[in-house]
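One structure below.
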Amino acid sequence: MGVVNFAHGELVMAGAFTIWLLHAQFGLGYIPAIGAAIILVTAIGLLMERFLFRPTRSDPLAGLICSIGVLFILQVIAALIGGDGPSKQVPPPFQGTLVMFDALRIPYQRVFSLIVSAAALGTLWFFLTRSKFGWALRAVAMDREAAELQGINTDRISIIAIGVGTALAGLAGGLIAPLTNINPHMGHNVIVTAFIVTIVGGVGSLSGAVFAAVLYAVFHTFITVYIGGTIATISGLVLMVVVLIVKPTGLMGAKISE
Amino acid sequence: MNSNGGFTVQRMIIGVVALAALLATPHFLSFHHQDLLIFLTINVLAVCSYRLVTLTGEWSLIHAVMMGVGAYTVALLVNHFDLAIWFTLPLAGTAAGLVAALLCFPLLRMTQFYFLIGSFAAGEAIRLTWVEFVGVFGGTSGLRGVEAPIVFGIDFLDPIPYFYFSLAVVMLCLFILYRIENSRVGLTLHAIHWKSALAESVGVDAWRYRALAFIVGSFFVGIAGGLKIHYLGSVTPNQFTVSFMVFILIWVIVGGYNKFYGPIIGVVVLTIFDESIRSFEVLRPAIYGAMLILSILFLPLGLESVPGKIKSWFGVGSPPPEPPLSDQ
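Chain order of the listed sequences is A and B.
First residue of the first sequence: 51, per this note's numbering; consecutive thereafter.
First residue of the second sequence: 86, per this note's numbering; consecutive thereafter.
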């Protein structure tokens with residue numbers, strides 16, 4: 051949609067913090083807590099669309115700067131609620147380990163995250179490629195004026211797109227909460243990885259992003275294990291630059307009309 | 086664009102008074118504020134050199150790292166060869182310019198959003214190299230012992246002489262940057278921004294001019310990095326993260342990037358503002374963020390457009406140009 055949301059990582063962080071607050075602190079069930087996280091993060095996203103991205107639509111840079119402002123605010127709110135102390139941990143609600151055979155053991159928590167993410171991605175894919183809304187969304191992304199001339203309500207499409215995107219950020223926050231350390235600055239790593247994956251996969255290509263995510267995860271883990279974490283990130287970034295040079299539209303991205 | 090050129094007596098008097106005020110300022114400040122003043126002076130150079138890069142309409146996210154290249158060059162030169170500040174500063178700029186020249190080939194193949202992200206990736210890769218190769222760059226704790234030495238009997242560890250020195254260096258650099266922008270080259274850069282197809286059709290090699298802006302901008306920010314590190318005495322990779330880059334971006338945009346002096350206003354006003362909300366501690370970034378959003382929504386042309394707006398309210402002078410792109 052031509053919107054670069056720098057605060058996306060912070061939205062994931064907000065989702066994870068909601069889980070920590072409601073599930074680990076107040077004892078609400080894990081699934082209802084995820085629901086609350088999705089609702090909260092979507093609400094933030096919709097407010098951002100209405101009051102920040104819509105007025106600045108003619109200037110993508112202004113939208114980017116606004117989202118940086120949101121990023122600062124969200125980090126401060128998280129620090130105020132959670133205290134500036136050590137990172138928070140959420141005890142995994144799903145105990146035990148799935149043993150497929152001796153060499154392959156996966157904790158149930160990760161199995162759960164995997165299944166839910168796959169389901170969410172499947173739904174998103176269906177939504178984007180098969181539904182009438184998905185067609186309209188891609189039409190707006192391609193040429194806003196032409197889409198408007200065809201009778202598409204572009205404001206409504208934008209708000210739904212941001213709503214879906216941020217709801218997924220909330221879900222991601224909910225899923226990642228029991229697997230990682232939660233702190234107000236965790237969003238930075240999320241956004242770096244998200245940028246790499248989006249660029250390598252191709253902007254606006256969902257299958258490209260999934261493919262790139264898997265590729266990048268394997269690549270990163272492999273180099274981390276055999277050489278080192280920093281080298282892994284450096285090579286990831288260099289890989290991204292190489293992909294940009296060889297095929298600026300990403301591995302699966304179509305040519306973007308100007 | 087060139088309407089404010091030319092020297093009048095009035096302008097000269099204003100200039101002399103402003104310079105005198107600037108020279109007197111550090112004597113009335115606390116030690117902490119003197120530090121701040123020096124960093125502010127150096128950051129003015131960082132934002133102005135960034136503006137040169139953005140003249141062609143491309144926004145890079147590697148500028149902070151280029152400042153780091155200059156800083157690390159200074160640290161390595163002082164530690165290994167014990168060079169004096171007269172040599173380290175130009176070499177710091179040259180090193181940043183050389184790195185920029187090498188990066189031109191991959192990075193300038195991209196434009197717009199892709200250039201933004203590509204430059205971010207390249208910068209982060211350079212920064213992580215400093216973290217990773219502990220033997221050369223000292224890892225996360227960086228390099229130390231690069232304080233500016235005593236020159237001609239002047240102790241540069243004292244903030245006031247160092248402020249005068251960096252002010253002189255920065256003013257010289259600003260003068261050169263200003264001349265570049267108002268030269269034929271600068272006008273070509275503007276042309277590439279607003280009418281790239283037209284510029285190319287009359288024989289302008291857009292790639293070359295974009296590369297030139299990128300290299301020259303990096304050269305000057307390299308000098309800024311060197312100045313900073315000579316005062317701080319140590320350099321670490323964390324000084325040049327994407328957060329600092331974001332601050333450069335904010336200063337330029339809030340100040341207003343359509344005029345040469347816009348970014349300078351931005352960095353000065355925001356630094357003073359940031360200092361004045363110091364007592365809020367934890368809330369500080371949030372206040373900063375809120376102000377950022379408000380200024381983008383209500384002052385899209387930046388702080389430099391405020392006087393023009395006030396004038397037009399009172400019916401004096403012409404209204405400011407409103408959308409920013411309409412001057413073609």
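No residue lacks a Cβ here, since even glycine has one placed at the ideal position from N, Cα and C.
Within its chain, find whatever has a CB closer than 8 Å to the CB of residue i; leave out the 5 residues flanking it on each side and keep chain order.
{"i": "Thr68 (chain A)", "result": "Ala83, Ala86, Ala87, Leu90, Val91, Gly220, Gly223 and Gly224"}
{"i": "Tyr263 (chain B)", "result": "Phe345"}
{"i": "Trp336 (chain B)", "result": "Asn128, Val132, Pro348, Gly351, Val352 and Leu355"}
Since I believe residue j is in contact with residue i (beta carbons under 8 Å), could you give me their beta-carbon distance rounded to a whole number of angstroms?
{"i": "Ile284 (chain A)", "j": "Thr214 (chain B)", "result": "7 Å"}
{"i": "Trp175 (chain A)", "j": "Leu256 (chain A)", "result": "6 Å"}
{"i": "Pro143 (chain A)", "j": "Tyr80 (chain A)", "result": "4 Å"}
{"i": "Leu228 (chain B)", "j": "Ala160 (chain B)", "result": "4 Å"}
{"i": "Leu178 (chain A)", "j": "Leu187 (chain A)", "result": "7 Å"}
{"i": "Ile378 (chain B)", "j": "Leu111 (chain A)", "result": "Not a contact, Cβ separation roughly 14 Å."}
{"i": "Leu176 (chain B)", "j": "Leu162 (chain B)", "result": "6 Å"}
{"i": "Ser117 (chain A)", "j": "Phe56 (chain A)", "result": "4 Å"}
Cutting at 6 Å between CB atoms, please list the residues of its own chain near residue i, excluding the five before and the five after it.
{"i": "Asn233 (chain A)", "result": "Ser137"}
{"i": "Ser134 (chain B)", "result": "Gly302, Phe305 and Val306"}
{"i": "Glu60 (chain A)", "result": "Leu121, Leu124 and Gly237"}
{"i": "Ile211 (chain B)", "result": "Val150"}
{"i": "Met290 (chain A)", "result": "Ile246, Ile249 and Val250"}
{"i": "Phe222 (chain B)", "result": "Trp215"}
{"i": "Thr356 (chain B)", "result": "Leu125"}
{"i": "Pro322 (chain B)", "result": "Arg212, Trp215 and Val216"}
For residue i, which three-state DSSP category applies?
{"i": "Lys138 (chain A)", "result": "strand"}
{"i": "Leu154 (chain A)", "result": "strand"}
{"i": "Ser390 (chain B)", "result": "helix"}
{"i": "Ser328 (chain B)", "result": "helix"}
{"i": "Ile277 (chain A)", "result": "coil"}
{"i": "Arg229 (chain B)", "result": "strand"}
{"i": "Val320 (chain B)", "result": "strand"}
{"i": "Ile147 (chain B)", "result": "coil"}
{"i": "Cys258 (chain B)", "result": "helix"}
{"i": "Ile335 (chain B)", "result": "helix"}
{"i": "Ile232 (chain A)", "result": "strand"}
{"i": "Thr93 (chain B)", "result": "coil"}
{"i": "Thr179 (chain B)", "result": "helix"}
{"i": "Met195 (chain B)", "result": "coil"}
{"i": "Asp205 (chain A)", "result": "helix"}
{"i": "Gln159 (chain A)", "result": "helix"}
Check the Cβ-Cβ distances between residue i and every residue of chain B, and say whether any is below 7 Å.
{"i": "Thr319 (chain A)", "result": "Since the first and last residues shown for chain A are 51 and 308, residue 319 (chain A) lies out of range."}
{"i": "Ile232 (chain A)", "result": "no"}
{"i": "Gly65 (chain A)", "result": "no"}
{"i": "Ala263 (chain A)", "result": "no"}
{"i": "Phe245 (chain A)", "result": "yes"}
{"i": "Val288 (chain A)", "result": "yes"}
{"i": "Ile165 (chain A)", "result": "no"}
{"i": "Ala112 (chain A)", "result": "yes"}
{"i": "Phe122 (chain A)", "result": "yes"}
{"i": "Ile131 (chain A)", "result": "no"}
Keeping to the same chain, check which residues put their C-beta closer than 7 Å to that of residue i; ignore five residues upstream and five downstream.
{"i": "Gly296 (chain B)", "result": "Note on identity: in this sequence residue 296 (chain B) is Ala, with Gly being the wrong assignment. Same-chain partners within the cutoff: Cys189 and Leu193."}
{"i": "Ile127 (chain A)", "result": "none"}
{"i": "Ala262 (chain A)", "result": "Val247, Val250, Gly251 and Leu301"}
{"i": "Tyr373 (chain B)", "result": "Asp359"}
{"i": "Glu389 (chain B)", "result": "Gly340, Gly341, Lys344, Tyr346, Gly347 and Ile350"}
{"i": "Phe325 (chain B)", "result": "Ala149, Val150, Met152, Gly153 and Arg212"}
{"i": "Ala291 (chain B)", "result": "Ile277, Ser281, Ala284 and Glu285"}
Quick check on this structure: which residue in the options has the alpha carbon closest to the alpha carbon of residue i?
{"i": "His252 (chain B)", "options": "B:Gln197, B:Pro392, B:Val391 and B:Gln119", "result": "In the sequence as presented, His is not what sits at residue 252 (chain B); that position holds Leu. Minimum Cα distance to Leu252 (chain B) is reached at B:Gln119."}
{"i": "Pro228 (chain A)", "options": "A:Leu71, A:Arg180 and A:Val54", "result": "A:Leu71"}
{"i": "Phe287 (chain B)", "options": "B:Ala298, B:Thr273 and B:Gly223", "result": "Note that residue 287 (chain B) is Val in the sequence shown, not Phe. The shortest C-alpha separation from Val287 (chain B) is found at B:Thr273."}
{"i": "Phe332 (chain B)", "options": "B:Gly311, B:Tyr316 and B:Pro370", "result": "B:Pro370"}
{"i": "Val288 (chain A)", "options": "B:Ala206, B:Asn164 and B:Thr326", "result": "B:Ala206"}
{"i": "Ala137 (chain B)", "options": "B:Asn128, B:His275, B:Leu121 and B:Leu187", "result": "Sequence inspection shows Leu at residue 137 (chain B); the Ala mentioned does not correspond to that position. Closest by alpha carbon: B:His275."}
{"i": "Trp171 (chain B)", "options": "B:Leu368, B:Ile395 and B:Gly311", "result": "B:Gly311"}
{"i": "Gly119 (chain A)", "options": "B:His165, B:Gly100, B:Phe399 and B:Leu382", "result": "B:Leu382"}
{"i": "Val264 (chain A)", "options": "A:Ser167, A:Ile209, A:Gly201 and A:Ala189", "result": "A:Ser167"}
{"i": "Glu99 (chain A)", "options": "A:Ile226, A:Ile212, A:Thr271 and A:Thr243", "result": "A:Ile212"}
{"i": "Thr243 (chain A)", "options": "A:Gly286, A:Val54 and A:Ile207", "result": "A:Gly286"}
Using a Cβ cut-off of 7 Å (strictly closer), state whether residue i contacts chain A.
{"i": "Val331 (chain B)", "result": "yes"}
{"i": "Glu407 (chain B)", "result": "Caution applies to Glu407 (chain B), whose pLDDT of 49 falls short of 50 and renders its modelled position unreliable; the model cannot decide the point."}
{"i": "Ala131 (chain B)", "result": "no"}
{"i": "Val216 (chain B)", "result": "yes"}
{"i": "Lys151 (chain B)", "result": "First, the amino acid is wrong: residue 151 (chain B) is Met here, not Lys. Output row for Met151 (chain B): interface = no."}
{"i": "Ala309 (chain B)", "result": "no"}
{"i": "Glu52 (chain B)", "result": "Any property of residue 52 (chain B) remains undetermined from this structure, which presents chain B solely from 86 to 413."}
{"i": "Tyr373 (chain B)", "result": "yes"}
{"i": "Ile338 (chain B)", "result": "yes"}
From the beta carbon of residue i, is the nearest beta carbon of chain E less than 7 Å away?
{"i": "Gly279 (chain A)", "result": "Judged by its chain identifiers, the structure shown contains no chain E, and its protein chains are A and B."}
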